[in-house]
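Q: Start counting at 1 in the sequence shown, then tack on 14, and there's your number in this note's numbering.
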Amino acid sequence: MSLSETHAKLSLRNRVLEEDAVIAILLYEISITARHGTSVLCVAPNAVFPFELCDEHSLNQRDIYLAQFHQQLLQFCYTYAPGMSVHFSEE
Numbered sequence: 015m016s017l018s019e020t021h022a023k024l025s026l027r028n029r030v031l032e033e034d035a036v037i038a039i040l041l042y043e044i045s046i047t048a049r050h051g052t053s054v055l056c057v058a059p060n061a062v063f064p065f066e067l068c069d070e071h072s073l074n075q076r077d078i079y080l081a082q083f084h085q086q087l088l089q090f091c092y093t094y095a096p097g098m099s100v101h102f103s104e105e
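1. Kindly list the residues whose CB is nearer than 6 angstroms to the CB of glutamate 19, restricted to its own chain and excluding five residues on each side of it in sequence; keep chain order.
2. By a C-beta neighbour count over all protein chains shown, 10 Å radius and 16 as the cutoff for buried, is threonine 47 buried or exposed?
3. How would you call phenylalanine 83, buried or exposed, if buried means at least 16 neighbouring beta carbons within 10 angstroms?
4. Pick out whichever of Gln86, His21, Met15 and Met98 has its Cα sitting closest to the Cα of valine 54.
5. To the nearest angstrom, how far is the alpha carbon of alanine 35 from that of alanine 81?
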């Protein structure tokens, strides 16, 4: 089972969405940074978890970071795999 499939199941979904893949890649990049000091996408070791989860503002900050990371990831893919065909379904 892949990390994105596991995240989908934790989110109580039967289907893997793009956001599950983004979280899986982010967690992978965080682990690479923790192990080697840096990653290809230059993700901070505490990229998602420096935010407190007790108030709405902190949750919004986390969501903004995830959206920015998603855009950075797409830009990385378009730059280094220019012929890549990306098809995402919206739910």
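Beta carbons are placed, not taken as given, at the ideal position from N, Cα and C, and that holds for glycine.
A: On the basis of the coordinates in this document:
1. Val30
2. Label assigned to threonine 47: buried.
3. buried
4. Checked all of Gln86, His21, Met15 and Met98; the closest Cα to valine 54 is Gln86.
5. In a straight line, the C-alpha of alanine 35 is about 13 angstroms away from that of alanine 81.
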